[in-house]
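2 protein chains.
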Amino acid sequence: MEQRVSFITLGVADLARSEAFYRALGWAPSKASVPGKIIFFQLNGIVFGLFGRQDLADDAGVPNTLPGAFSGVTLSHNVRSEAEVETVMATALAAGGAQTRAAHRADFGGLVAYFADPDGHHWEVCHNPFAVIADDGSVRFGRS
Amino acid sequence: MEQRVSFITLGVADLARSEAFYRALGWAPSKASVPGKIIFFQLNGIVFGLFGRQDLADDAGVPNTLPGAFSGVTLSHNVRSEAEVETVMATALAAGGAQTRAAHRADFGGLVAYFADPDGHHWEVCHNPFAVIADDGSVRFGRS
Chain A
6 MEQRVSFITL
16 GVADLARSEA
26 FYRALGWAPS
36 KASVPGKIIF
46 FQLNGIVFGL
56 FGRQDLADDA
66 GVPNTLPGAF
76 SGVTLSHNVR
86 SEAEVETVMA
96 TALAAGGAQT
106 RAAHRADFGG
116 LVAYFADPDG
126 HHWEVCHNPF
136 AVIADDGSVR
146 FGRS
Chain B
6 MEQRVSFITL
16 GVADLARSEA
26 FYRALGWAPS
36 KASVPGKIIF
46 FQLNGIVFGL
56 FGRQDLADDA
66 GVPNTLPGAF
76 SGVTLSHNVR
86 SEAEVETVMA
96 TALAAGGAQT
106 RAAHRADFGG
116 LVAYFADPDG
126 HHWEVCHNPF
136 AVIADDGSVR
146 FGRS
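Chains as they are written, first to last, in my numbering: chain A, 6 to 149; chain B, 6 to 149.
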């Protein structure tokens, strides 16, 4: 598992409110966003996402409950091939991670799985054919 | 506020356990780490940190409680001058963020403040003289 992170996603209670907040910070959403559903911001070689908290919990395969079960944050580690999704998950589970979702075909066409680290921080392992990973591990997503 | 993130920090219950977990993923800590206190990993132009959950909550100026008050994750936005800490905080508060800690001198010599976004996700705004910010917004921290 290469030493990098590709996306940071925050689960939010009100997507419009959160999008307005980050716009008010001076940030501009990426054209990869799906208005009203998920908002992306291209950062410095990584992507920052805002997603409904329930949607994000569902995506990670965990209950949207507190305390403890779900922090409202996921980190995504993108890989360069579908085969790597399985190898990274195997590494994570061997390291003591807990699988919360097995590898599955995502709606956008990629292959996605999730594991939780020892504190329940959720990592997505993802092959996304639309997210370009540079040699330095930076990811660029979408067209903006 | 530039469109980027510099550090991702996870609050963890057992630092040694978490360090062992990420090492087992194949990651190598940065020489910037303080063994037994805080562990850093240089990622793709950003830095990933493991820090005691209570320490992280204390650093962010929030109670280490659930539900809701603290997710166990912070995002850090580093700036290029101390003056920018105040300007970024002013922007964040004007956008509807809530200050959880006013700007203050950190032990390492930098200037640090914290705000919470609408869902209580905690952002550190930090001028760290030891973290070099490249023109593209990527940050490199420490000597490794």
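Just so it is clear, CB atoms sit at the ideal spot from N, CA and C, and this is done for glycine as well.
For residue i, the three-state DSSP class (helix, strand or coil)
{"i": "S149(B)", "result": "Caution applies to S149(B), whose pLDDT of 40 falls short of 50 and renders its modelled position unreliable; the model cannot decide the point."}
{"i": "L80(B)", "result": "strand"}
{"i": "Q47(A)", "result": "strand"}
{"i": "L55(A)", "result": "strand"}
{"i": "A33(A)", "result": "coil"}
{"i": "A136(A)", "result": "strand"}
CB contact check: residue i to chain B, cutoff 9 angstroms
{"i": "F26(A)", "result": "yes"}
{"i": "S143(A)", "result": "yes"}
{"i": "S81(A)", "result": "no"}
{"i": "F45(A)", "result": "no"}
{"i": "F53(A)", "result": "yes"}
{"i": "D122(A)", "result": "yes"}
{"i": "D64(A)", "result": "no"}
Option in the options with minimal Cα separation from residue i
{"i": "F95(B)", "options": "V130(B), L48(B) and S23(B)", "result": "Here the sequence assigns Ala to residue 95(B), which means Phe is not the residue at that position. A95(B) has its Cα closest to that of V130(B), out of V130(B), L48(B) and S23(B)."}
{"i": "G101(A)", "options": "S11(B), R110(B), V17(B) and L30(B)", "result": "L30(B)"}
{"i": "A136(B)", "options": "A111(B), P123(B), T79(B) and V52(B)", "result": "V52(B)"}
{"i": "N133(A)", "options": "A107(A), H126(A), I44(A) and V84(A)", "result": "V84(A)"}
{"i": "A107(B)", "options": "W128(B), F113(B) and Y27(B)", "result": "W128(B)"}
{"i": "S86(B)", "options": "G114(B), L61(B), A97(B) and I13(B)", "result": "G114(B)"}
{"i": "H109(A)", "options": "D60(A), P123(A), G57(A) and A88(A)", "result": "A88(A)"}
{"i": "F26(A)", "options": "Q47(A), L55(A) and V39(A)", "result": "L55(A)"}
{"i": "I44(B)", "options": "D19(B), G50(B) and D63(B)", "result": "D19(B)"}
Short CB-CB distance (under 9 angstroms) between residue i and chain A
{"i": "G114(B)", "result": "no"}
{"i": "A118(B)", "result": "no"}
{"i": "V84(B)", "result": "no"}
{"i": "H126(B)", "result": "yes"}
{"i": "T96(B)", "result": "yes"}
Residues that DSSP places opposite residue i in a beta bridge
{"i": "E129(A)", "result": "S81(A) and Y119(A)"}
{"i": "L153(B)", "result": "Residue 153(B) lies beyond the stretch modelled for chain B, which goes from 6 to 149, so this question has no answer here."}
{"i": "V39(A)", "result": "I43(A)"}
{"i": "V10(B)", "result": "Bridge partners of V10(B): none, in fact."}
Report the start-end ranges of each beta strand (DSSP E) in the region 91 to 124 of chain B that is 3 residues or longer and not cut off at the edges. 103 to 110 and 116 to 121
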